[in-house]
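Since the structure comes first, as structure tokens, the remarks are kept for the end.
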Amino acid sequence: MRVCFITDGGMNAGLGHVQQSTTFARKLLPEADVCFLTTSDDAVAAKIRENGFTATRLESDAGIMRDLQSMNPDIVIFDKLDVAVELARDIKRTMSARLVIFTNLTGANRYADVAVTADIGSRFENVSFVDEETKTLYFYGPKYWVLRPEFYEYGRFGKVDVARPERILLIFGGSDPANLTSATLDQLLRLDQAMKLEVVLGAHFGHDDALLQVLERHETRRSDVTVHRNISNIAEMMYGADLVLASPGLSAFEALRVGTPVIIIPHDTLQRDTYRGFMRMLERDELWKLGDMIEKRDFSFPRDDHIARMEIGEGIEELKEVVMRAPTRQ
Numbered sequence: 001m002r003v004c005f006i007t008d009g010g011m012n013a014g015l016g017h018v019q020q021s022t023t024f025a026r027k028l029l030p031e032a033d034v035c036f037l038t039t040s041d042d043a044v045a046a047k048i049r050e051n052g053f054t055a056t057r058l059e060s061d062a063g064i065m066r067d068l069q070s071m072n073p074d075i076v077i078f079d080k081l082d083v084a085v086e087l088a089r090d091i092k093r094t095m096s097a098r099l100v101i102f103t104n105l106t107g108a109n110r111y112a113d114v115a116v117t118a119d120i121g122s123r124f125e126n127v128s129f130v131d132e133e134t135k136t137l138y139f140y141g142p143k144y145w146v147l148r149p150e151f152y153e154y155g156r157f158g159k160v161d162v163a164r165p166e167r168i169l170l171i172f173g174g175s176d177p178a179n180l181t182s183a184t185l186d187q188l189l190r191l192d193q194a195m196k197l198e199v200v201l202g203a204h205f206g207h208d209d210a211l212l213q214v215l216e217r218h219e220t221r222r223s224d225v226t227v228h229r230n231i232s233n234i235a236e237m238m239y240g241a242d243l244v245l246a247s248p249g250l251s252a253f254e255a256l257r258v259g260t261p262v263i264i265i266p267h268d269t270l271q272r273d274t275y276r277g278f279m280r281m282l283e284r285d286e287l288w289k290l291g292d293m294i295e296k297r298d299f300s301f302p303r304d305d306h307i308a309r310m311e312i313g314e315g316i317e318e319l320k321e322v323v324m325r326a327p328t329r330q
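Each residue of the sequence shown is one higher than the last, beginning at 1 in the numbering used here.
Structure (structure tokens):
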């Protein structure tokens, strides 16, 4: 089958959509001939190519539509928050391709054959159903996160909880638009506690000056901090950490999948309102509470009943089966 993925990322959107779509694309091989389209910058296109796929940069949705009509794929898969309703409608009206949409928050889902949202929309319950009006097949819940194979592998190793976290990993997305990295690191370095801090920066992190100022402010503890950028062994690092501090989204679930507890720190009100009550959370203006939470081990643990029921990432084979073999909606 010819499959075309359309995904975006960048300074504000981060790279979570790109990561998820390239992971799912690899899952479809060798049954599919895969290509990618993006309207994002060269760094996003390069990230896609690093994963072994062709990536064409286009300027607009009109360009996407022209390329799709020229390629005439069997399946079109979007992975982005803001799929244009008009684009989804035109694909269904003018092409015979099956339309699949991941992690989208617009009304474009009503034109999809399959729509998948792992964290928004079902209060973290795993559900699937067909909308009787639109005939769209929906999948909601953390079961339908698409994780890279290494997260499943480390998850099978098992972990022993430590009495006091000594190695903490900070990861706030490909761009970290709210610069949670600098604020959280500053707070951790104020604590009177020996710990190793691993800081992971994404390709679009744009707050290097602020991060450097934090490190200079705490020069006597500089040796406790290791900064990583664009790493490929994040599953290994998450597994080796005693605690992961992350923004709500894919990274938090990846950490839980490998067996490491998390505290989430939201970038915006959407993340805050979606995750409140389901994971241990600190808002940016509450970071002063971080030391007390670490002391009390007030985290979200993979073994927590409500976390275990999420079945994080267990639905990937189900999604592949549906995407590759379900009939196109007429």
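Every residue gets a Cβ at the ideal spot worked out from N, C-alpha and C, and that includes glycine.
Bear in mind that the values here come from a model prediction, so they are computed numbers and not experimental data.
- The criterion of a C-beta distance shorter than 9 Å is not satisfied by VAL127 and GLY107.
- Within the stretch 204-280, the runs of alpha helix (DSSP H) that reach at least 4 residues and sit entirely inside it are, in chain order, 208-217, 234-240, 250-258, 269-275.
- The DSSP-derived three-state label of LEU290 is helix.
- Under the DSSP definition of a beta bridge, ARG66 lacks any partner.
- Considering only GLN19, PRO177, ALA25, the residue with the shortest C-alpha distance to HIS204 is PRO177.
- In this structure, the alpha-carbon of GLU286 lies about 9 Å from that of ILE265.
- Note that the C-beta distance between TYR144 and GLU318 is below 9 Å.
- For the 9 Å CB-CB criterion, VAL76 and MET95 form a contact.
- Linking ILE263 to GLU150 through their CA atoms gives a straight-line distance of about 22 Å.
- When C-beta atoms of the stretch 302-315 are compared with those of the stretch 243-257, three or more pairs fall below 8 Å, so the two segments count as touching.
- Judged by DSSP in its simplified three-state form, SER21 adopts helix.
- For VAL322, the uninterrupted alpha helix (DSSP H) segment begins and ends at 316-325.
- The beta carbons of PRO248 and GLN271 sit closer together than 9 Å.
- A straight line joining the alpha-carbon of TYR154 with that of THR260 spans about 10 Å.
- The DSSP-derived three-state label of ASP79 is strand.
- Where PHE151 is concerned, the enclosing alpha helix (DSSP H) starts and stops at 149-155.
- Sequence-distant Cβ neighbours of THR226 in its own chain, meaning closer than 6 Å and more than five residues away, are GLU198.
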